[in-house]
């Protein structure tokens, strides 16, 4: 049977203002009816709302339903005694932070130690004076308030964390979607035009990369190529790159300039993409391959990531000193020319593939990259590129690159299949 | 990256130790801003202890150079390591920012 009083009496009996201000609920658990009634009356006179229970089992039910602020629990009771109640409450997620005063007729140290070990917070002697009862109840309620404040704060933090995680997941999903879009702008692997074979591998340092490339037919006889590198990382760099990529679309360039002449493309890009207020800029390499003759015209704005791997000779870098876009509005760019023969391979790459450091801080470097290209002439384009990534990862002893890493390979096949391809 | 600032009669020298990269750009920008606020007319960036400059680092150097020119002040670079000089040369940076091998030459703005 549960006996309880639902309302505090409201008599203060000399209670402090702190206690008067609150109507804290105390659950009194005592099997002896006379003792319980006397203690309950005393607590009610102090202004508390008092719930009563005759043993630990009944008290657990009341506690789960009412969540009292403080428990005063007798040690010796039938069905479930005080220490067992304490243990049960500590195991219950709803009740585990309850403030429990264990009431005893004795105050032997061994008993106190056992009570504390089994989950009590404090002790109250059955023979305690009114002053002591008031003091211990106040202390217990103070602790209860603090615990509940902590719980509230913890719950608030947990809610905030959950909200942050949800936002993070939304942002991540947006970034993945944007990354998929940017990836869809990259050229399809295979054979962009008859007589060529294309393969590439690209690993942005973050979800969205700023180093992008393009290989596309300008007309029946010309193939346009470019690779761009945005300084910096992240969403801002990726957006700027997408903007430059849009500018570099064949239709756009032909409409603006009349041809895909690399020199003219760079001049116009230099005018349109100045150094930002944060010092952000692009480097860009643009090429145009005349398919019938294999003549490659190219120009660079500070980008040095073009390597020609000849079937017969050692590879050579196609680079020349030039200003990145936006560094110097009066800069000029010159076309260079070179002839490609069937079997030759042109690699466009971002510096992120070779500017990787070993554990001792040594850079892998362009020479080692070039050595891989020279050593893989008999392998397929895709295998050669995969080997470059594998060696770079092995050098830095990490699979993730700190900068965007891209390697694009184009092979002149003269209508035949490329070496080892397909 | 660590930057030690030295003020001399002809300007301010920033002795940079470490890599000048995207990750460290905040430290470099703060050091430059401090020199600018102090009214520096000639800022010399000592790159002797800089092993690597990435694209963001290059952009910062050019941006600082452009900003200093607007203020009728100047930026110089001192003793870049071979690889750093190679990277900067490929981007034509020595044409925009003078490079010196000796501190005295930088201070007196004498071409090396």
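Chains as they are written, first to last, in the working numbering: chain A, -2 to 419; chain B, 44 to 155. For each residue, glycine too, the CB sits at the ideal point set by N, CA and C.
*Run through DSSP, which three-state label would residue 18 of chain A get?*
Here the model assigns residue 18 of chain A a pLDDT of 40, short of 50, so the residue's position is not dependable, and the following value carries that caveat. Three-state DSSP puts residue 18 of chain A in a helix.
*Taking residue 73 of chain B as the query, report the chain A residues whose CB atoms sit under 7 Å from its CB, ordered along the chain.*
Per Cβ cutoff of 7 Å: no residues; residue 73 of chain B is ~14 Å from chain A at best.
*Is the CB-CB distance between residue 21 of chain A and residue 41 of chain A below 9 Å?*
no
_Residues bridged to residue 210 of chain A [DSSP beta-bridge criterion]_ = A:224
*Pull up the distance between the alpha-carbon of residue 132 of chain B and that of residue 142 of chain B, whole angstroms please.*
10 Å
*Cα-Cα separation, residue 116 of chain B to residue 95 of chain B*: 26 Å
_Residue range of the alpha helix (DSSP H) that includes residue 109 of chain B_ = 98 to 113
_Once DSSP output is grouped into helix, strand and coil, what is the label at residue 400 of chain A?_
Residue 400 of chain A falls in the coil class under three-state DSSP.
_9 Å is my cut-off, CB to CB: does residue 107 of chain B come that close to chain A?_
yes
*Cutoff 9 Å: residue 153 of chain A Cβ touching any chain B Cβ*: no
*For residue 133 of chain A, count neighbouring C-beta atoms within 10 Å of its own C-beta (all shown protein chains included) and say buried if the count is 16 or more, exposed if not.*
buried
*Identify whether residue 348 of chain A lies in helix, strand or coil by the three-state DSSP scheme.*
helix
*Report the residue from A:122, A:201, A:217 whose alpha carbon sits nearest the alpha carbon of residue 210 of chain A.*
A:201
*Any beta-carbon of chain A closer than 9 Å to the one on residue 119 of chain B?*
no
*Which of the three DSSP states, helix, strand or coil, is assigned to residue 72 of chain A?*
coil
*CB contact below 9 Å: residue 133 of chain B versus chain A*: yes
*Does the separation of the CB atoms of residue 44 of chain B and residue 88 of chain B fall below 9 Å?*
Their beta carbons are not under 9 Å apart, which means residue 44 of chain B does not touch residue 88 of chain B by this criterion.
_Amino acids of chain D, ordered along the chain, whose beta-carbon sits closer than 8 Å to that of residue 103 of chain B_ = In summary, chain D is missing from the structure at hand, where the protein chains are A and B.
_Per-residue burial, residue 373 of chain A [other beta carbons within 10 Å of its own, 16 or more giving buried]_ = buried
_Can you give me the C-alpha to C-alpha distance between residue 321 of chain A and residue 147 of chain A, rounded to a whole angstrom?_
Taking the CA atoms as reference points, residue 321 of chain A sits about 56 Å from residue 147 of chain A.
*Pull up the distance between the alpha-carbon of residue 77 of chain B and that of residue 386 of chain A, whole angstroms please.*
Cα atoms of residue 77 of chain B and residue 386 of chain A: separation of roughly 41 Å, rounded to the nearest angstrom.
_Restricting to runs no shorter than 4 residues, where is the alpha helix (DSSP H) found entirely within the region 40 to 121 of chain A?_
53 to 63, 79 to 88, 106 to 114
*Is DSSP giving residue 152 of chain B helix, strand or coil here?*
coil
*Which of the three DSSP states, helix, strand or coil, is assigned to residue 56 of chain B?*
strand
_Candidates A:50, A:260, A:74, A:291, of which the one nearest residue 63 of chain A by Cα_ = A:50
_Mapping the DSSP letters down to three states, classify residue 193 of chain A as helix, strand or coil._
strand
*Would you please verify whether the beta carbon of residue 424 of chain A is less than 9 Å from any beta carbon of chain B?*
Because chain A is modelled from -2 through 419, residue 424 of chain A falls outside the range shown and cannot be assessed.
*According to DSSP, which residues form a beta bridge with residue 300 of chain A?*
According to DSSP, residue 300 of chain A bridges with nothing at all.
*Can you find a CB in chain A that lies within less than 9 Å of the CB of residue 138 of chain B?*
yes
*Beta carbon of residue 91 of chain A, beta carbon of residue 65 of chain A: below 9 Å?*
no
*Round the Cβ separation of residue 186 of chain A and residue 196 of chain A to the nearest angstrom and send it over; I've been treating them as touching at under 8 Å.*
5 Å
*Within-9 Å CB hit, residue 237 of chain A to chain B*: no
*What is the residue span of the beta strand (DSSP E) that residue 92 of chain B lies within?*
85 to 92
*With burial defined as no fewer than 16 other Cβ atoms inside 10 Å of the residue's Cβ, what is the status of residue 103 of chain A: buried or exposed?*
exposed
_With a threshold of 7 Å on Cβ separation, who are the neighbours of residue 253 of chain A within its own chain once the five nearest residues in sequence on each side are excluded?_
265
_Just checking: is the beta-carbon of residue 99 of chain B within a distance shorter than 9 Å of some beta-carbon in chain A?_
yes
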